[in-house]
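First residue of the sequence shown? That's 1 in full-length UniProt numbering, and the numbers climb one at a time after it.
Ideal Cβ positions, reconstructed from N, Cα and C, are used throughout, including at glycine.
Here's the structure, in structure tokens; my notes come after.
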Amino acid sequence: MAMRARRTVDRRLYLFVCVHCGYSNNADINAAINIKNRFLDSLEAGSEKGQDMPRWPRGNSNQTKSLSS
């Protein structure tokens with residue numbers, strides 16, 4: 001029976017790096033901060049349930065780098 005090596009990805013190694021200012025942080029932590037900030041913005045704007053939040057540009061894949069690369 002042939003066995004294949006399973007390659008796992010250690011997400012702790014993914015690093016977000018801002019191409020404009022150089023800020024860097026773990027990509028998952030950075031995403032959590034963005035989600036929190038959007039939620040707080042929605043409270044300040046008084047958005048109600050059922051209304052869409054404004055969408056911000058996602059950027060391109062060049063904005064994130066992996067430490068494993």
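Query raised in the report: So L15 packs on N26, CB below 8 Å; how close in whole Å?
Result: 7 Å
Requested in this report: Pull up the distance between the alpha-carbon of L13 and that of S42, whole angstroms please.
Outcome: CA-to-CA, the gap between L13 and S42 works out to about 31 Å.
Requested in this report: Compute the Euclidean distance between the alpha carbons of R20 and K36, then round it to the nearest angstrom.
Outcome: Per the sequence shown, residue 20 should be read as His rather than Arg. Each residue's alpha carbon lies about 22 Å from the other.
Query raised in the report: Can you name, in chain order, every residue of its own chain whose Cβ lies under 7 Å from the Cβ of G46, other than the five neighbours on each side?
Result: Sequence-distant Cβ neighbours of G46 in its own chain, meaning closer than 7 Å and more than five residues away, do not exist here.
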